[in-house]
Amino acid sequence: MTDSKIFRRLTYGLYVISSLKEGRINAQIANTVFQITSAPLIVAISINKENLTHEYIQNSKVFAVNILPVSTPLEMIGHFGFKSGRNLDKFGEVAFKPGQTGSPLLTSNSIGYLEAEVIQSTELSTHTVFYGQVMNTEVYSDEEPMTYGFYQQLKRGTAAPASPAAKSSRSEQAEKAESIKKENLIKEGPTMQKYECPVCSYIYDPEKGDPDSGIEPGTAFEALPDDWVCPVCGVDKSQFQPVD
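The numbering of the sequence shown is this note's numbering, which starts it at 600 and goes up by one.
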């Protein structure tokens with residue numbers, strides 16, 4: 600007998616893993632990065648074989664680990680975690696610089712990075728574990744790094760933003776969303792207003808509902824149960840923003 604909840608008690612970080620292939624760059628969110636040895640400096644990462652970043656690492660034999668701070672916006676995590684580089688240029692509107700290995704390095708929402716050259720890999724059923732010898736590192740700030748547990752709290756809306764600026768921004772967004780909700784309710788009761796998830800960009804459309812979660816078509820966002828979450832990434836209902 601196994602209880603899958605035990606794995607939520609393991610400690611993970613949250614990172615943007617980047618690489619390149621034939622002049623193209625890409626990156627993804629990952630939570631499995633760990634140091635293997637200190638002399639020489641060897642780290643390991645685990646990447647899903649279906650991800651584009653996996654293909655890039657296999658081709659170039661290099662990767663970079665960008666370490667996210669606790670102040671990282673949910674929107675950025677969603678950008679690298681729930682969108683595919685096969686459909687868009689993930690660095691099209693994201694500040695970065697090329698690293699020593701050519702891998703893109705974030706220049707904002709990052710407390711530092713390390714670059715590595717793949718020296719070995721282990722193939723598993725769904726993932727590949729890449730072992731890399733560290734070639735280059737830099738620390739940007741002493742801000743606390745994001746953990747997977749803290750990210751889950753952010754998704755549920757139970758963790759306070761880490762920085763005053765982030766707190767202010769999210770507070771303003773929440774106030775705006777609440778204002779629109781109240782205005783619509785005063786005018787005409789529950790509306791057919793669409794709402795968007797800030798992490799994965801899923802849009803709740805009242806006309807379609809969420810049948811997989813037992814939400815019938817025609818159910819207004821305001822009428823959704825308080826424990827309803829984004830069916831794609833699990834973000835709490837309170838984090839959704841009205842679509843203009």
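The beta-carbon is built from N, C-alpha and C at its ideal position, and this holds for glycine as well.
- [ ] Alpha carbon to alpha carbon, how far is Ser-812 from Cys-829? Give it in angstroms, no decimals.
- [x] 10 Å
TODO: State the Cα-Cα distance for the pair Arg-755 and Gly-833, rounded to the nearest angstrom.
DONE: 8 Å
Task: Paired residues, beta bridge with His-653 - DSSP - done: Answer is none; His-653 lacks a bridge partner.
Task: Reference Tyr-801, options Gln-838, Thr-700, Gly-817, closest by Cα - done: Gln-838
Open item on the list: Quick check on Val-632: buried or exposed, where buried means 16 or more other Cβ atoms within 10 Å of its Cβ?
Closed with: buried
TODO: Note down the Cα distance separating Ser-689 from Ser-709, rounded to an integer number of angstroms.
DONE: Before going on, a small fix: residue 689 reads as Lys here, not Ser. Straight-line Cα distance between these residues: approximately 16 Å.
Task: Euclidean distance between Cα positions of Tyr-739 and Leu-823 - done: 42 Å
Task: Segment limits, alpha helix (DSSP H) that includes Ile-641 - done: Note, Ile-641: premise wrong, no alpha helix (DSSP H); beta strand (DSSP E) at 640-647.
TODO: Per DSSP, which residues does Gln-732 bridge with? Please list them.
DONE: Ile-641, Glu-716
TODO: Sort Asp-825, Phe-679, Thr-818, Ile-814 by Cα distance to Ala-792 and report the nearest one.
DONE: Contrary to the premise, residue 792 reads as Gln rather than Ala in this sequence. Among Asp-825, Phe-679, Thr-818, Ile-814, the Cα nearest to that of Gln-792 belongs to Thr-818.
Open item on the list: If I measure Cβ to Cβ from Glu-806 and keep anything under 8 Å in the same chain, skipping five residues before and after, which residues do I get?
Closed with: Met-791, Pro-816, Gly-817
TODO: Give the straight-line distance between the Cα atoms of Gln-699 and Tyr-803, rounded to the nearest whole angstrom.
DONE: 42 Å
TODO: Check each candidate in Val-615, Ile-635, Tyr-794 and name the one with the smallest Cα separation from Asn-665.
DONE: Val-615
Task: Cut-off 8 Å between Cβ atoms - residues of its own chain near Tyr-611, not counting five sequence neighbours on either side - done: Asn-630, Thr-631, Thr-746, Tyr-747, Gly-748
- [ ] Just mark Glu-649 as buried or exposed, buried being the case when its beta carbon has 16 or more other beta carbons within 10 Å.
- [x] exposed
Open item on the list: Please report the distance separating the alpha-carbon of Ser-720 from that of Gln-657.
Closed with: 9 Å
- [ ] Would you kindly work out how many angstroms separate the C-alpha atoms of Glu-674 and Gly-684, rounded to a whole number?
- [x] 16 Å
Open item on the list: Pull the bridge partners of Tyr-614 from the DSSP assignment, please.
Closed with: Ala-629, Ile-666
Open item on the list: For Leu-723 and Phe-729, what's the separation of their Cα atoms in angstroms?
Closed with: 11 Å
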